[in-house]
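According to our numbering, the sequence shown is numbered sequentially starting from 2.
Built from N, CA and C at the ideal position, the CB exists for glycine as well.
The next block holds one structure in the form of structure tokens; read it before the comments.
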Amino acid sequence: MGESTASVAVIGCGYWGKNLVRNFAEMGVLSAVCDTTEAGRTTARAIAPDAAIYDSTEELLASGVQAVAIATPAETHTATVRAALSAGKDVFVEKPLALSRADGERLVEQAHQAGRILMVGHVLEYHPGIRRLVELAQTGALGRLQYVYSNRLSLGKIRREENILWSFAPHDVAVILRLVGGLPVEVSAAGGSWVTAGIADVTVTNLRFANGVRGHIHVSWLHPFKEQRLVVIGDAAMATFDDVGKKLVVYDQHVSLDEGVPLPHKGEAHEEQYPDKEPLRLECEAFVHAVLTRNPPLTDGVSGVRVLAVLEAAQASLTAMGQPKSVPAYGV
């Protein structure tokens, strides 16, 4: 990476953690892997034969490693991050940061008091296509934003520990907050459970922002085909990002008013180019850069809490059969 070296350990070498192990190993910064299962340790040895292997998180945290990346089940995040920060480590944790806003806020404060880096794995924010889309929105190329909607749909991976809202929607919440530049003032959500009682398989979440922007997030793991599409509507142009088709398209289209009569303007569409780089690699590089420079990463703990604030409000609305819930400001 052209910088002095860092020492990173990965806690959890399962479904997603093995990808972190691979990337940090390829970057030459992986020093250790911890997994409580023999299967996870076997995978770690195959991917990173030079890394030290631990079966105890406590033993790993007592070692001289500088930073840890945590890819364990969501319900363990709060305790594991707290322990890592207490051990003086910089921390990268996969989404969500915690399972409640209050826990997330406490972790951010702990990291601040300890002078440690705290980063949350909202990997979609590091996707070159999304970065280009955010740039278009922030530079005014789309005009004033009006609404954003996202579909994240597929058949599986169905979970029994967390519902679809907490499993799929954090990606889209993070990106929409980045596009709009702040928290919504109100959230409502509705959904249904068919596979496991009490665990929503499908949710639709609506976000209302103080500046008039609206957001809409549809997530499902009970869908006949895979779709990961983000649509951004501005008053000067429109854009779509298709993560399955790997395309970012900007449409020279908008609607104007002529003496109160809406007039649609249909112009040309053009595909925006962006670098073909693995988002996870860019995310891992961002973590190492933050560790070495001591500068907060794009997806720092504060951004992680903001996502939690939206998820928590959406969950409360879901439980209340769609009743809108307010979202207090944070980190402003």
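Between the CA atoms of residue j and residue i - distance to the nearest angstrom
{"i": "ARG145", "j": "LEU137", "result": "11 Å"}
{"i": "GLY3", "j": "LEU264", "result": "Confidence in GLY3 is poor, its pLDDT being 40 and thus under 50, which makes the residue's placement too unreliable to answer from."}
{"i": "ARG179", "j": "VAL135", "result": "7 Å"}
{"i": "ALA70", "j": "VAL303", "result": "18 Å"}
{"i": "TRP336", "j": "ALA175", "result": "Look at the range of the chain in this structure, 2 to 333, and you will see that residue 336 is not part of it."}
{"i": "ARG209", "j": "LEU119", "result": "28 Å"}
{"i": "GLU273", "j": "ALA115", "result": "42 Å"}
{"i": "ALA170", "j": "ALA237", "result": "28 Å"}
{"i": "VAL30", "j": "TRP222", "result": "35 Å"}
{"i": "LEU184", "j": "ARG46", "result": "42 Å"}
{"i": "VAL196", "j": "PRO276", "result": "39 Å"}
{"i": "ALA198", "j": "THR204", "result": "15 Å"}
{"i": "ILE177", "j": "VAL149", "result": "7 Å"}
{"i": "LEU108", "j": "LEU156", "result": "34 Å"}
{"i": "VAL9", "j": "LYS248", "result": "33 Å"}
{"i": "ALA84", "j": "LEU62", "result": "8 Å"}
{"i": "ASP301", "j": "THR294", "result": "14 Å"}
{"i": "HIS266", "j": "GLN139", "result": "22 Å"}
{"i": "ARG161", "j": "PRO74", "result": "12 Å"}
{"i": "THR81", "j": "SER194", "result": "30 Å"}
{"i": "ILE234", "j": "LEU258", "result": "16 Å"}
{"i": "ALA142", "j": "THR37", "result": "49 Å"}
{"i": "VAL124", "j": "ALA112", "result": "21 Å"}
{"i": "VAL262", "j": "MET322", "result": "37 Å"}
{"i": "GLY89", "j": "ARG42", "result": "24 Å"}
{"i": "VAL186", "j": "GLU110", "result": "23 Å"}
{"i": "ALA330", "j": "GLU313", "result": "13 Å"}
{"i": "PHE226", "j": "SER87", "result": "44 Å"}
{"i": "LYS278", "j": "CYS285", "result": "12 Å"}
{"i": "ALA317", "j": "ILE159", "result": "22 Å"}
Counted within 10 angstroms of its Cβ, other Cβ atoms place residue i as buried (16 or more) or exposed
{"i": "ALA202", "result": "Residue identity check: residue 202 is Asp in the sequence provided, not Ala. By the 10 Å Cβ count, ASP202 comes out buried."}
{"i": "ASP56", "result": "exposed"}
{"i": "SER327", "result": "exposed"}
{"i": "ASP91", "result": "buried"}
{"i": "MET239", "result": "buried"}
{"i": "ASP173", "result": "buried"}
{"i": "SER168", "result": "buried"}
{"i": "TYR97", "result": "Note that residue 97 corresponds to Pro in the displayed sequence, not to Tyr. By the 10 Å Cβ count, PRO97 comes out buried."}
{"i": "GLU260", "result": "exposed"}
{"i": "ALA211", "result": "exposed"}
{"i": "ASP104", "result": "buried"}
First through last residue of the alpha helix (DSSP H) which encompasses residue i
{"i": "HIS290", "result": "280-294"}
{"i": "ASN24", "result": "18-28"}
{"i": "THR58", "result": "58-62"}
{"i": "GLY183", "result": "Unbroken run through GLY183: none, as it is neither H nor E."}
{"i": "LEU86", "result": "78-87"}
Contact check, residue i vs residue j, beta carbons under 8 Å
{"i": "VAL292", "j": "GLN67", "result": "yes"}
{"i": "VAL188", "j": "THR206", "result": "yes"}
{"i": "ARG215", "j": "ASN152", "result": "no"}
{"i": "ALA287", "j": "ARG102", "result": "no"}
{"i": "ALA191", "j": "LEU166", "result": "no"}
{"i": "LEU154", "j": "GLU228", "result": "yes"}
{"i": "ALA26", "j": "ALA49", "result": "yes"}
{"i": "ILE131", "j": "ALA72", "result": "no"}
{"i": "ALA99", "j": "HIS78", "result": "yes"}
{"i": "PHE35", "j": "VAL22", "result": "Note that residue 35 corresponds to Cys in the displayed sequence, not to Phe. Taking 8 Å as the Cβ cut-off, CYS35 and VAL22 do not qualify as a contacting pair."}
{"i": "GLY305", "j": "VAL121", "result": "yes"}
{"i": "ILE218", "j": "ASN164", "result": "no"}
{"i": "LEU299", "j": "GLU95", "result": "no"}
{"i": "ALA270", "j": "VAL256", "result": "no"}
{"i": "ALA33", "j": "ALA53", "result": "yes"}
{"i": "LYS19", "j": "THR58", "result": "no"}
{"i": "LEU281", "j": "ASN24", "result": "yes"}
{"i": "ASP244", "j": "GLY268", "result": "no"}
{"i": "MET28", "j": "VAL232", "result": "no"}
Unbroken beta strand (DSSP E) run spanning residue i, endpoints
{"i": "ASP253", "result": "248-259"}
{"i": "ILE12", "result": "9-12"}
{"i": "ALA310", "result": "Segment 302-320 is the alpha helix (DSSP H) holding ALA310; no beta strand (DSSP E) there."}
{"i": "LEU205", "result": "Here the sequence assigns Val to residue 205, which means Leu is not the residue at that position. Residues 203-209."}
{"i": "HIS217", "result": "215-221"}
{"i": "GLY41", "result": "It is not in any beta strand (DSSP E) - GLY41 instead sits in the alpha helix (DSSP H) that spans 39-48."}
{"i": "THR241", "result": "239-243"}
{"i": "LEU264", "result": "262-273"}
{"i": "ILE200", "result": "No beta strand (DSSP E) holds ILE200; DSSP gives it neither H nor E."}
{"i": "VAL69", "result": "68-71"}
Test: residue i CB closer than 8 Å to a CB of chain B
{"i": "SER64", "result": "Here chain B cannot be found, since the structure has a single protein chain."}
Inset, instruction - Let me know the beta strand (DSSP E) ranges lying completely inside the stretch 89-125, each 3 residues or longer, listed in chain order. - result: 91-95 and 119-122
Inset, instruction - Can you check the stretch 133-161 for any beta strand (DSSP E) of at least 3 residues that lies completely inside it and give the ranges in chain order? - result: 146-156
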